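Chains as they are written, first to last, in our numbering: chain W, 230 to 638; chain D, 230 to 638.
Positions of the beta carbon are idealized from the N, C-alpha and C atoms, including for glycine.
Everything numeric in this text was worked out from a predicted model, so none of it was measured.
Report on the structure given below.
Number of protein chains: 2
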Amino acid sequence: MSLPIQPVETEVTTDWDAKMAARAVKMTSSVIRELLKLTEKPDIISFAGGLPAAELFPIREFREACEYVLTTNGSKALQYGATEGYTPLREYLSEKMQKYGVPAEVENIIITNGSQQALDLIGRIFLDKGDVVITERPTYLGALQAWRAYEPQFATVPLDDDGMCVDELEPVLKAHQGKVKFIYVLPNFHNPAGTTLPLERRIELVRLAAKYGVPIVEDDPYGELRFEGEDITPIETLHKENVIYLSTFSKTLAPGIRIGWVTAPSKIISKLVQAKQGADLHTGVFVQMVAHDICSRGLLRSHVKKVREAYYERRNAMLQAMEEHFPAGVTWTRPQGGLFLWVRLPPQIDTTEFMKTALEEKVAYVPGAAFYPDEGDHNAMRLNFSYCRPEIIREGIQRLARAIMREFG
Amino acid sequence: MSLPIQPVETEVTTDWDAKMAARAVKMTSSVIRELLKLTEKPDIISFAGGLPAAELFPIREFREACEYVLTTNGSKALQYGATEGYTPLREYLSEKMQKYGVPAEVENIIITNGSQQALDLIGRIFLDKGDVVITERPTYLGALQAWRAYEPQFATVPLDDDGMCVDELEPVLKAHQGKVKFIYVLPNFHNPAGTTLPLERRIELVRLAAKYGVPIVEDDPYGELRFEGEDITPIETLHKENVIYLSTFSKTLAPGIRIGWVTAPSKIISKLVQAKQGADLHTGVFVQMVAHDICSRGLLRSHVKKVREAYYERRNAMLQAMEEHFPAGVTWTRPQGGLFLWVRLPPQIDTTEFMKTALEEKVAYVPGAAFYPDEGDHNAMRLNFSYCRPEIIREGIQRLARAIMREFG
């Protein structure tokens, strides 16, 4: 159809700014997103993004799965589906989680549009304005962004090379008693810090959370990407009645299909389902069926092995290059898995301002300040080691070293 | 990895109910969703859902598009993408909207996870607790569900066989002056009522909205599915600075890919993008590329023609069967497109209670009460005519007629 454009003459126009909700006035585009725009120039080596290695994506497996799903069950794949998610995928995840130590039944699982939607839905069902969320300091930027829409306050617990300093948690719980809705923790290969929480700290965290009647939100997007050391029992395993666990296929399979999941007590899953009905009805059936097909053929396991090996090599390249080129006074974490590590420059360097120097040297990172809900350390940065090949990583670290030396000079 | 299950002994357990946000306490599962569960038995003819005809899905086109996208650009399709959406798809939609009479540039478009997410994001950026939203009475259930999360009040304007009674709008605008955030309207083949708003009413609506400085949210999922009469200029065309327009591929291509879009002034799109970052980062790149491939080959147009013809035949089958079998005192709308029509039974019949009789006769619908934000008519029902084949529709209407006769008896 083709209709002529015939605007109506009107005298008054809406004052859009006056129509915005309080939460929208406060919204700003994520620092990471804005920085990524600067770092998209082809001559810049970017350690800023959190992107998986694109050249490892299992494209052939996706092609075969798409063909299979559409040929055998196309009208189901293209139709509306259940808000909870595609049942066979939930069944697969139930088995997967049980192998991982979490006794999750199908009714304990909801499929989301990536972990980011899970964070949003958790905010939606728990957070009234002014409620308190306890996070690590630093913590995942996307969680802060999701929850700020619900206008909570953030209270923080510092993090060292072994993740959350659980021995500093109790005073924070006490200070906000009755107002804390949950404790948010990234136990494995922390984003941004790259740290892993030891079993003793997990046990102590579970004890404290139970003592204060506060649930734990365990965000575990990278748990399967361990390339060194031994797996550690998930927090959910230690006290499943009190933990909401999140994971995703974004880092193991592909982020472009947007599939994450939550395991939690079934009454929490029911609330998340109600919240998701209003938010987007359901996650696409087609991509869920494709992911299920790839997983049920056992292809995820072999693919994850390949990803893990590649990221191990890349992390090693980054660690080695930093050893060689960074001056004394610069320190960093040594992640046993995942995608990120955390670098601390001498205290006089503000990494947000230092971005300018780094970009002149054609290298990029995310300034540490982005990962703090409150005032944080200004001399830290997050580096990603999953996206670039080892030789690019080595070159990028040399550029970063040159930029650091310029600040020292 | 395989870890033993070692729960920690704890004494106190979280009181989850006490942790819920006020909005979550009020959340209940949608009436439609719960009813759909009852109507899923294979011997029931259901006019309750809003499902497109599954046998018409362009499965071959999807297979070819998946193969093409993954073969030529798989690593882009499976990687993270922009929150705004896949640029070539936004370019295609810009052209499409311009043909439709709406001068939308790429910067005026955001891709969402179906229209439902667009409704949610609109609520997120506009609605503070206690704000007023003006809707038609009845209105789309999914919009009510999305916005209730933001705790607004609803004010309503009645609807007749020509859609919103715009001559009754001004008193409502006046009564809530300064508190109204937007007017929500479904101008084409209304869900649930099947009505279409004539041009004169659209012009008057635009004038009144501008006079009171209140934006219009124009929800148009079915506009392309007109099988009778002439297209009518979209409200957005009449005053694009003041209108947020929503549409979707769910009814033209397939709902299982969850792709909708919004066109609006670019500053509103920017806010929606910020809101979507927190909500789910972005819509899946793969399905956007697949939809773009199908559309850019011109396959959408020919497919929509087929859908339109099929729904025309089905609507005719339903109208004819109702003429033949329904007793005097029952009236209904005569939609010129879309998926739904609206039936009114004599006032003594409450269609929520009447569901029991209908289910005994093995036929289902959605009770009218579900579509009112406040007290509504209890004697109406929504019937879907897109999902069932004509012979099933005829049989279903006969069953419904028998159920009605039982109430009269």
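DSSP bridge partner residues for residue i (one or two, in chain order)
i                : result
LEU388 (chain W) : W:MET393
SER476 (chain W) : W:TRP490
THR560 (chain W) : W:ARG573
ARG455 (chain D) : D:GLY566
GLN382 (chain W) : W:VAL361
TYR616 (chain D) : Paired residues: none, contrary to the question.
VAL401 (chain W) : DSSP output for VAL401 (chain W) lists no bridge partner at all.
GLU624 (chain D) : BP columns for GLU624 (chain D) are empty, so no partner.
VAL446 (chain D) : D:TYR413 and D:ILE473
VAL595 (chain D) : D:ARG611
ILE498 (chain D) : Beta-bridge pairing links ILE498 (chain D) to no other residue.
THR341 (chain D) : D:GLY489
ARG366 (chain D) : D:PRO387
8 Å Cβ cut-off: residues of chain W touching residue i
i                : result
GLU470 (chain D) : THR242 and THR243
PRO484 (chain D) : LEU307, GLN308 and TYR309
THR257 (chain D) : GLN503
GLN346 (chain D) : ALA508 and ASP509
ASP349 (chain D) : GLY507, ALA508 and ASP509
ALA520 (chain D) : Simply none; closest approach about 11 Å.
Amino acids of chain D, ordered along the chain, whose beta-carbon sits closer than 8 Å to that of residue i
i                : result
PHE418 (chain W) : The premise fails here: PHE418 (chain W) is roughly 14 Å from chain D at the closest Cβ pair, so nothing lies under 8 Å.
MET249 (chain W) : ILE354, PHE355 and LYS500
SER304 (chain W) : ALA283, GLU284, PHE286 and ILE288
GLN549 (chain W) : In chain order: nothing, as chain D lies at least about 27 Å away.
LYS640 (chain W) : Within the shown structure, residues of chain W are numbered from 230 to 638, placing residue 640 (chain W) beyond reach of any answer.
ARG623 (chain W) : Those within 8 Å of ARG623 (chain W) in chain D number zero; the least Cβ separation is about 23 Å.
ALA277 (chain W) : Chain D residues near ALA277 (chain W): none, gap ~13 Å exceeds 8 Å.
Contacts of residue i in chain D (Cβ-Cβ under 9 Å)
i                : result
THR647 (chain W) : Look at the range of chain W in this structure, 230 to 638, and you will see that residue 647 (chain W) is not part of it.
PRO444 (chain W) : THR243, TRP245 and LYS248
MET326 (chain W) : What MET326 (chain W) touches in chain D: nothing, since even the nearest Cβ is about 11 Å away.
ALA378 (chain W) : ARG353, ALA504, GLY507 and ALA508
Proximal chain W residues relative to residue i, where beta-carbon distance stays under 7 Å
i                : result
VAL237 (chain D) : ILE432, VAL435, ARG436, LEU467 and HIS468
VAL374 (chain D) : It should be noted that the sequence gives Gln, not Val, for residue 374 (chain D). Correct list: GLN506 and GLY507.
Chain W residues whose Cβ lies nearer than 9 Å to that of residue i
i                : result
LYS591 (chain D) : Residues of chain W passing the Cβ test: none, with the nearest at roughly 22 Å.
ASP603 (chain D) : The premise fails here: ASP603 (chain D) is roughly 18 Å from chain W at the closest Cβ pair, so nothing lies under 9 Å.
ILE497 (chain D) : TRP245
beta-carbon residue i near the ligand ADP non-hydrogen atom, thresh 7 Å
i                : result
ASP606 (chain W) : By its list of ligands, the structure shown contains no ligand whatsoever, and the ligand ADP lies outside what it can speak to.
Listed by chain order, chain D residues near residue i by CB distance under 7 Å
i                : result
LYS440 (chain W) : VAL241
Partner residues on chain A for residue i, Cβ-Cβ distance less than 7 Å
i                : result
ALA599 (chain W) : Of the protein chains in the structure, W and D, none is chain A.
Those runs of the alpha helix (DSSP H) which lie wholly inside the stretch 275-338 of chain W and span at least 4 residues | 288-306 and 316-328
Counting pairs of Cβ atoms below 8 Å between the stretch 478-497 of chain W and the stretch 353-371 of chain D, do you hit three or more?
-> Contact fails: fewer than three Cβ-Cβ distances are below 8 Å.
Within the chosen definition, does the stretch 281-297 of chain W reach the stretch 621-634 of chain W through at least 3 CB pairs nearer than 8 Å?
-> no
Give, in chain order, every residue of the stretch 328-342 of chain D whose Cβ lies closer than 9 Å to some Cβ of chain W.
-> LYS328, TYR329, GLY330, VAL331, PRO332, THR341 and ASN342
Could you name the residues of the stretch 506-517 of chain D whose beta carbon sits closer than 8 Å to any beta carbon of chain W, in the order they occur along the chain?
-> GLN506, GLY507, ALA508, ASP509, LEU510, HIS511, THR512, GLY513, VAL514, PHE515 and VAL516
Okay, do the stretch 565-585 of chain D and the stretch 237-250 of chain D touch, 3+ Cβ pairs below 8 Å being the bar?
-> no
Cβ-based contacts, 7 Å cut-off: residues of the stretch 279-299 of chain W near chain D | LEU280, ALA283, GLU284, PHE286, ILE288, PHE291, ARG292, CYS295, GLU296 and LEU299
Inter-stretch contact at 8 Å, needing at least 3 Cβ pairs: the stretch 411-428 of chain D / the stretch 460-470 of chain D = Result yes; three or more Cβ-Cβ pairs closer than 8 Å.
Compile a chain-ordered list of the residues in the stretch 385-410 of chain D whose CB is closer than 8 Å to at least one CB of chain W.
-> LYS410
Interface residues of the stretch 525-536 of chain D facing chain W [CB-CB below 9 Å] = none
Is it a yes or a no for the stretch 542-556 of chain D touching the stretch 595-603 of chain D, going by three-plus beta-carbon pairs under 8 Å?
-> no
Every unbroken alpha helix (DSSP H) inside the stretch 508-558 of chain W [4 residues or more] | 514-525 and 528-554
Between the stretch 544-558 of chain D and the stretch 379-387 of chain D, do three or more beta carbon pairs fall short of 8 Å?
-> no
Where the stretch 543-569 of chain D meets chain W: residues whose CB sits under 7 Å from a CB there = none
Sufficient close CB pairs (3 or more, under 8 Å) joining the stretch 387-395 of chain D to the stretch 419-432 of chain D = yes
Hey, is the stretch 264-280 of chain D in contact with the stretch 607-625 of chain D, meaning 3+ C-beta pairs nearer than 8 Å?
-> A contact exists between the stretch 264-280 of chain D and the stretch 607-625 of chain D.
The stretch 583-597 of chain W contacting the stretch 450-457 of chain W, beta-carbon criterion three pairs below 8 Å = Per the Cβ contact rule, the stretch 583-597 of chain W is not in contact with the stretch 450-457 of chain W (fewer than 3 Cβ pairs under 8 Å).
Is there contact here, the stretch 348-361 of chain W with the stretch 324-335 of chain W, by at least three beta-carbon pairs under 8 Å?
-> By the Cβ rule, the stretch 348-361 of chain W does not count as touching the stretch 324-335 of chain W, because fewer than three pairs are nearer than 8 Å.
Contained beta strand (DSSP E) runs [length at least 3] in the stretch 233-257 of chain D, N- to C-terminal order = none
Does the stretch 502-521 of chain W come close enough to the stretch 280-290 of chain D to have 3 or more Cβ pairs within less than 8 Å?
-> Too few Cβ pairs lie closer than 8 Å, so no.
Selection of the stretch 608-622 of chain D by Cβ proximity to chain W, strictly under 7 Å = none
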